[in-house]
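K.L.:
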Amino acid sequence: MDVKVFKTFLEVAKERHFGRASENLYITQAAVSARIKQLESYFDTTLFIRDRNAIKLTSAGERLIGYAEVMVSTLQQAKFELSLDSGKALQLTIGGTPNIWDAYLQNGLSVITDSFSGYGFIAESLSREQLNRNLLERTLDIAFVFDPLKSDELFSAKVADLELVLVSTSKSTAETAFSHSYVYVDWGTRFASEHAERHPKTPAPFLRTSTGRIALDFILEKSGTAYLPKSVAEPFIAAGQLYLVDGIEEWKRPVYLSYRKSSTSIDAIKQVEKLFSQIDPQTTFTLQQGSETS
1 MDVKVFKTFL
11 EVAKERHFGR
21 ASENLYITQA
31 AVSARIKQLE
41 SYFDTTLFIR
51 DRNAIKLTSA
61 GERLIGYAEV
71 MVSTLQQAKF
81 ELSLDSGKAL
91 QLTIGGTPNI
101 WDAYLQNGLS
111 VITDSFSGYG
121 FIAESLSREQ
131 LNRNLLERTL
141 DIAFVFDPLK
151 SDELFSAKVA
161 DLELVLVSTS
171 KSTAETAFSH
181 SYVYVDWGTR
191 FASEHAERHP
201 KTPAPFLRTS
211 TGRIALDFIL
221 EKSGTAYLPK
231 SVAEPFIAAG
241 QLYLVDGIEE
251 WKRPVYLSYR
261 KSSTSIDAIK
271 QVEKLFSQID
281 PQTTFTLQQG
291 SETS
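Under the UniProt record's numbering, the first residue of the sequence shown carries the number 1, and numbering increases by one thereafter.
Given below as structure tokens:
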């Protein structure tokens with residue numbers, strides 16, 4: 001059975017839509033349907049319930065997801081290991097949450113790729129849960145997260161501090177800021193608990209998001225307040241589009257690098273760790289922004 005069939009199944013299961021799955025995979029919708037039918041024929045069962053408004057997984061489809069994920073990841077790892085034996089370039093897969101990519105990793109990636117000769121890189125933007133799973137399944141070499149990943153198989157080390165500031169589209173104080181369309185950004189588990197301690201009487205946020213970029217775009221368009229990386233906020237503060245909220249201290253969030261203790265790429269990973277510990281996260285978004293506007 002071709003691994004592409006299982007990749008297609010997982011994409012349809014994620015999107016619950018044949019059209020979107022075909023777009024994501026860069027194949028025709030007819031090809032998606034044919035691959036799903038091939039899989040259903042092989043297992044002699046129905047994997048999806050199709051109706052006019054939605055696609056739902058059957059109980060068999062739900063059970064197949066875990067097996068399909070393992071099969072795809074195992075074959076990807078085998079392909080990688082065999083490429084090493086055939087003399088192809090060494091490869092490192094680096095992953096981080098969307099927030100960490102926006103505020104820290106994007107510029108750091110260019111530093112790393114310039115510093116490693118003979119290496120190819122894969123960059124992944126994933127949730128914390130996916131990063132943890134992919135590390136353990138050996139399809140990811142390095143993960144960057146706000147809270148250290150906990151597993152006996154993994155090692156985590158702090159490589160940076162990301163400064164967060166509370167900003168608003170209008171001049172505000174600590175007493176008024178949270179009533180002004182507050183957008184809560186998920187900066188990690190520890191952030192959530194500390195946020196409750198710092199701001200115990202905060203009303204329910206107007207919007208919740210896992211990405212600082214979404215929060216920034218939203219408050220600039222609709223007005224509001226959000227905790228954003230200092231490096232993200234500074235250009236907009238200088239332009240008079242955002243204001244620091246009076247009476248609120250800066251908030252440092254540690255950034256951790258995690259990897260498997262038994263990784264076969266441990267020497268390269270330690271070099272990456274050393275390089276990232278020397279990168280100033282406060283300059284990352286500013287430099288990226290400058291390149292976008294030049």
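Heads up, the beta-carbon is just placed ideally off N, CA and C, and yes, glycines get one too.
Could you please give me the residues that DSSP links to I122 through a beta bridge?
P.N.:
T93
K.L.:
In whole angstroms, what is the alpha-carbon distance linking G188 and F6?
P.N.:
32 Å
K.L.:
How many Å lie between K222 and E250 at the Cα?
P.N.:
24 Å
K.L.:
Around the Cβ of G224, are there at least 16 other Cβ atoms within 10 angstroms (buried) or fewer (exposed)?
P.N.:
buried
K.L.:
Quick one: what does DSSP say K158 is sitting in, helix, strand or coil?
P.N.:
strand
K.L.:
Should Y42 go down as buried or exposed, given a rule of 16 or more other Cβ atoms within 10 Å for buried?
P.N.:
exposed
K.L.:
From this set, F206, R253, E175 and I237, which residue's C-alpha is nearest D246's C-alpha?
P.N.:
E175
K.L.:
Determine the direct distance from the alpha carbon of L162 to that of Y104, and round the result to whole angstroms.
P.N.:
Spanning the two alpha carbons is a distance of roughly 8 Å.
K.L.:
Please state the DSSP three-state secondary structure of I248.
P.N.:
I248 carries a coil assignment under DSSP once its states are collapsed to helix, strand and coil.
K.L.:
Using a 10 Å radius around the Cβ and a threshold of 16 neighbouring Cβ atoms, would you call K252 buried or exposed?
P.N.:
Per the 10 Å Cβ criterion, exposed.
K.L.:
Exposed or buried, which one is R16 when buried takes at least 16 other CB atoms within 10 Å?
P.N.:
exposed
K.L.:
Evaluate F9 with the Cβ neighbour count: other Cβ atoms within 10 Å of its Cβ, from every protein chain shown; 16 or more gives buried, anything less gives exposed.
P.N.:
buried
K.L.:
At the level of alpha carbons, what is the spacing between I100 and T211?
P.N.:
The C-alpha of T211 is placed about 9 Å away from the C-alpha of I100.
K.L.:
Taking the alpha carbon of R50 as the reference point, which residue from G96, V12, H180 and V185 has its own alpha carbon closest?
P.N.:
V12
K.L.:
For the alpha helix (DSSP H) holding F144, just list the boundary residues, first then last.
P.N.:
Counting along the chain, F144 falls outside any alpha helix (DSSP H), though it belongs to the beta strand (DSSP E) covering I142 to V145.
K.L.:
Where L135 and V255 are concerned, what is the direct C-alpha to C-alpha distance, given to the nearest angstrom?
P.N.:
Answer to the nearest angstrom: the Cα atoms are 17 Å apart.
K.L.:
Between T139 and T97, how many whole angstroms is the CB-CB distance? I'm expecting something under 8 Å.
P.N.:
A Cβ-Cβ separation of about 17 Å leaves T139 out of contact with T97 under the 8 Å criterion.
K.L.:
On the DSSP bridge assignment, give the partners of E163 in chain order.
P.N.:
K252
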